[in-house]
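Asker:
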Amino acid sequence: MPLNLVVLLLIATTFFVSSRAEDPYKFFTWNVSYGPIYPLGVRQQGILINGQFPGPDIHAVTNDNLIINVFNSLKDPFLISWSGIQQRRNSYEDGVPGTTCPIPPGKNFTYILQVKDQIGSFYYFPSLAFHKAAGGFGGIRILSRPRIPVPFPDPSGDYTVLIGDWYKKNHTSLQAILDKGKKLPFPDGILINGRGPNELSFNVEQGKTYRLRISNVGLQNSLNFRIQGHKMKLVEVEGTHTLQTTYSSLDVHVGQSYSVLITADQAPQDYYIVVSSRFTSKILTATSVLHYSNSNKKVSGPIPGGPTIQIDWSLNQARSIRTNLTASGPRPNPQGSYHYGMIKTTRTIRLASSAGQVDHKQRYGINSVSYKQVDTPLKLADFFKISGVFRPNSISDKPTGGGIYLDTSVLQADFRAFVEIVFENQEIIVQSYHLDGYQFFVVGMDGGQWSSSSRNNYNLRDAVARTTVQVYPKSWTAIYVALDNVGMWNLRSEFWARQYLGQQFYLRVYSDTNSLRDEFPIPKNALLCGRATGRHTRPF
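Counting from 4, one number per residue, gives the positions in the sequence shown under the working numbering.
Structure below.
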């Protein structure tokens, strides 16, 4: 769609524009195509955005409106989702199959997003099929507005660092393995910004400080990030300024994003940047180089080691990550002004992973339900009142202990409820969960079985607010979340094979008032598919 037509579309959507006219617009045109990539020295079919792997960064400022026109030049339907971007009152633009129709091959779709009251480091990725294993991802950075103070001086440079495990097989081969009911093999390597070992340098000047925005965009493995001879000061996690704790290495679990500051305060030479897998018997390692501009020595010697299978070390680090209560967020009021620990929760939802065979094929689920995709996005079925697509509360809000089965699982919750969600993990792997549309407070995590007495050890003052959280083996993690965003929101495993095979569901945050203050109507340019084909949308 030409740019002038996009502008006309925006003008036509009267309510949408008038409600946000004071905020700037940024326009992007992306062409998504297949192309050859060689990330581990083997030619593969990658997903490129404007010819790039990974895709281009999105740079925005709090409250910017992002108009992203995506042309699908693949032979397959395609969708992009925005991990951590909280679409306020607008789950239609979330970019996952339960909310948004895929972009057909040869067609385009214009995402209309606003980074309303947000700051921080995030990323985007393809959410259909197994496209994430082929690329199509990139970084998102949302800067504070100039008048809002940031709790550290402006860095001399700002780098996006996308890390993740990777396979040499094409994504179509990996998807075929899953479709046959098999498990994926162990990954072949780790990439740093789409590159293999020692293929990338980050340039710094001695004495200056730099910001690294680190996101784990991989498929299944927790990763440890470290820089030879340098400390890292953590300053932000998925939109929350944190206490500025210094670490020698940092665990980044699948789907998570962190911002750290590093100062080039060592001798003028090159240093290893190391990313290695955690909690695996076989350790995967990738390196890049921190290059001083006045370097007189190339990187050499043994790669600095890091933690491997130590759970307690990682758990203690996770507990040390807390909110900076004296810092401003996207608005000029302290982040700590929201006293979540003084609010009574109205509901407890307990979620446990499930794994098993259905019709002799491997499946995964939550509370015994393995999510089954349908031909019509659930959000469209909800809006058009199409029966037979999903049933509210088709998943229990506590573990059932029964065998795994298929259903299009939707859990209903009340608008403005303040709920406690407990993720329970009885497996021997680290799990990672993401909730679209929300930040939540990570109030507790520990080993063993969760019980009501576990609340005695919750952090009710300065727990970090984020969008993706890990759950350690034979352990639990508890979060508090204010359900103040009406819509249909995906809660999923960030282990992408598990998500593909059913370890997800949709949280229907429902209000019966039909107020524009609570939720935007369906966008006029919304794609319609499945049983919603031929229906008529209405403008904002």
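No residue lacks a Cβ here, since even glycine has one placed at the ideal position from N, Cα and C. Please read all numbers here as calculations on a predicted model, not as lab measurements.
1) If you follow the beta strand (DSSP E) that Leu69 is in, where does it begin and where does it stop?
2) In its own chain, which residues sit with a C-beta less than 6 Å from the C-beta of Pro39, not counting the 5 before and 5 after it?
3) Please identify the residue among Asn370, Glu96, Gln223, Ser291 whose C-alpha is closest to the C-alpha of Thr403.
4) I need the DSSP call for Phe386, collapsed to helix, strand or coil.
5) Tell me whether Asn396 sits in a helix, a strand or coil according to DSSP, three-state version.
6) I need the straight-line Cα distance from Lys185 to Phe443, nearest angstrom please.
7) In the structure shown, what three-state DSSP assignment does Glu427 receive?
8) One question on the structure: do Lys477 and Asn528 come within less than 8 Å of each other, judged by their Cβ atoms?
9) Excluding the 5 residues flanking Ser262 on each side, which residues of the same chain have their C-beta closer than 8 Å to its C-beta?
10) Quick test of the definition: if touching needs 3 or more C-beta pairs under 8 Å, does the region 274-283 touch the region 193-213?
11) Let's test the definition: count the other Cβ atoms within 10 Å of the Cβ of Thr17 and tell me whether it reaches 16, buried, or not, exposed.
12) DSSP state of Glu25, grouped into three classes?
13) Specify the secondary structure class of Asn227 as computed by DSSP and reduced to three states.
14) Short of 7 Å in beta carbon distance, which residues of its chain neighbour Ser94, apart from the five on each side in sequence? Order them along the chain.
15) Using DSSP with H/G/I as helix, E/B as strand and the rest coil, what is Ile180?
16) Whole angstroms is fine: what's the gap from Arg495's alpha carbon to Leu438's?
17) Quick one: what's got a C-beta closer than 6 Å to Val445's C-beta in the same chain, skipping five residues either side?
18) Indicate the three-state DSSP secondary structure (helix, strand or coil) for His244 in the structure shown.
19) Whose C-alpha, out of Leu486, Gln502, Arg229, Asp60, is nearest the C-alpha of Leu181?
20) How would you write the range of the beta strand (DSSP E) that Ile151 sits in, first residue to last?
21) Nearest to Asp79 by CA position, among His233, Ile312, Ser130, is which residue?
22) For the structure I just gave you, are there three or more beta carbon pairs, one from the region 310-324 and one from the region 393-413, closer than 8 Å?
23) Given Glu208, which residues of its chain have a CB within under 6 Å of its CB, disregarding the five upstream and five downstream residues?
24) Can you tell which of Tyr408, Lys388, Asp487 has its C-alpha closest to the C-alpha of Arg419?
25) Do Phe133 and Leu82 come within 8 Å of each other at the CB atom, strictly closer than that value?
26) Report yes if the C-beta distance between Phe523 and Arg92 is below 8 Å; otherwise report no.
27) Throw me the rounded Cβ distance for the Phe508 and Leu414 pair, which I believe falls under 8 Å.
28) Taking DSSP's pairing of strands, which residues face Phe128 in a bridge?
29) Decide if Leu519 is buried, meaning its Cβ has at least 16 other Cβ atoms within 10 Å, or exposed.
Answerer: With the structure as the only source:
1) 68-75
2) These residues qualify, in order along the chain: Arg46.
3) Asn370
4) helix
5) coil
6) Taking the straight line from one Cα to the other gives about 34 Å.
7) strand
8) no
9) Gly123, Ser124, Arg214, Leu215, Arg216, Ile217, Leu237, Val238, Glu239, Val240
10) yes
11) With a pLDDT of 34 at Thr17, under the threshold of 50, the modelled position of this residue cannot be trusted; read the value that follows with caution. That one is exposed.
12) coil
13) strand
14) Thr102, Lys382, Gly440, Gly490, Met491, Trp492
15) helix
16) 7 Å
17) Ala466, Val467, Val472, Ile482
18) Here DSSP, grouped into helix, strand and coil, assigns His244 to strand.
19) Nearest C-alpha to Leu181: Gln502.
20) Careful: Ile151 lies outside any beta strand (DSSP E) and carries neither H nor E.
21) Ser130
22) no
23) Ser296
24) Asp487
25) no
26) yes
27) 6 Å
28) Ser84
29) The residue is exposed, with fewer than 16 neighbouring Cβ atoms inside 10 Å.
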